[in-house]
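Numbering-wise (our numbering), the sequence shown opens with residue 14 and increments by one.
Single-structure report; data block below.
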Amino acid sequence: MERAHAFHLRRGPAGSPVRPGAPLVLLALFALACGGPAKGPESVSSAGGAPAPGEWHAFEGTGTASGRGQVLQLGPDRKASIVHMTGSLLLTGEQRLGQGFRSEILGAFDSLKGGTVWCAWTDSRGDQVFSEMRGERVGTGNRFMGTFLGGTGRYAGVRGEYALEWQYVIRAEDGTIQGRTVGLRGRFRVGPP
């Protein structure tokens, strides 16, 4: 598995160093699982039609995302963060959920307890897939798990799960965050909403 890390140690607004382990970094990574401008025609299956109800279909993908977040220091060893990011996601696989998605995420993270991020993936037709991700504290090689919550249009009733790993995250002096996800893998099936 690729594990390239690029962090910039910069000074935050109050002059304190922005550390690579900041909880906001993790939330940026969550965003990567939720991104993407649509690319080409969307299809729920390789044939362009919906998969048979109840059948499981595997997919893989990569993504990028950027946005902003806020951090609240809760003493010397604890931080709480919120983040709002958008990005792009490209899925591959013979029976993939779709091909390209634009994504929006909203997340909350506690450096001691982990975090939850809610994602909305939107394809070129405007149909959406909703999911929730949970992860551990920031750490090299941490994996994060997502669960599909349903969707709209052709994704109504979608269920399944996915996991991802983060490759890198960069935080700029102005508070913006950019990152990339690799190793996104999951499965889905379509059933009654």
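C-beta: ideal position from N, C-alpha, C; glycine also.
Since the model is a prediction, treat every value here as computed from it, not as a measurement.
Exercise. Are GLY159 and TYR175 touching if we call contact CB-CB under 8 Å?
Worked result: Taking the C-beta atoms as reference points, TYR175 is found nearer than 8 Å to GLY159.
For this session: Enumerate in chain order the residues of its own chain whose CB-to-CB distance from GLU15 is below 7 Å, with the five nearest sequence positions on each side excluded.
Result: Legend: pLDDT at GLU15 = 36, less than 50; position of this residue unreliable, no value from coordinates given.
Exercise. Are the beta-carbon atoms of GLN112 and LEU103 separated by less than 8 Å?
Worked result: In contact: GLN112 and LEU103 (Cβ atoms closer than 8 Å).
Exercise. Going along the chain, which residues of its own chain have a beta-carbon closer than 8 Å to the beta-carbon of ARG81, five neighbours each way excluded?
Worked result: Excluding residues within five positions, the ones whose Cβ falls inside 8 Å are VAL96, HIS97, MET98, GLY188, THR189, ILE190.
Problem set entry | Under the three-state DSSP convention, the category ARG147 falls into | Reduced to three states, the DSSP call for ARG147 is strand.
Exercise. Beta-carbon separation of LEU197 and GLY120 under 8 Å?
Worked result: Their beta carbons are not under 8 Å apart, which means LEU197 does not touch GLY120 by this criterion.
For this session: Would you please state the rounded distance, in angstroms, between the beta carbons of HIS70 and PHE201? I believe it to be under 8 Å.
Result: At roughly 6 Å, the Cβ-Cβ gap stays under 8 Å, so HIS70 and PHE201 are in contact.
Problem set entry | Cβ shell of TYR168 (< 7 Å), same chain only, five flanking positions each side left out | The answer, listed in chain order, is ASP140, GLN141, VAL142.
For this session: Run the CB neighbour count on THR135, radius 10 Å, all protein chains shown included, and call it buried at 16 or more, exposed below.
Result: By the 10 Å Cβ count, THR135 comes out buried.
Exercise. If you check the beta carbons only, do MET146 and VAL171 fall under 8 Å apart?
Worked result: Contact flag unset, no.
For this session: Report the residue ranges of all alpha helix (DSSP H) runs contained in full by the segment 69-146; include only those spanning at least 4 residues, in chain order.
Result: With a minimum length of 4 residues, no continuous alpha helix (DSSP H) run stays inside the segment 69-146.
For this session: Pick out whichever of GLY67, GLU68, PHE72 has its Cα sitting closest to the Cα of LEU177.
Result: Closest option to LEU177, Cα to Cα, is PHE72.
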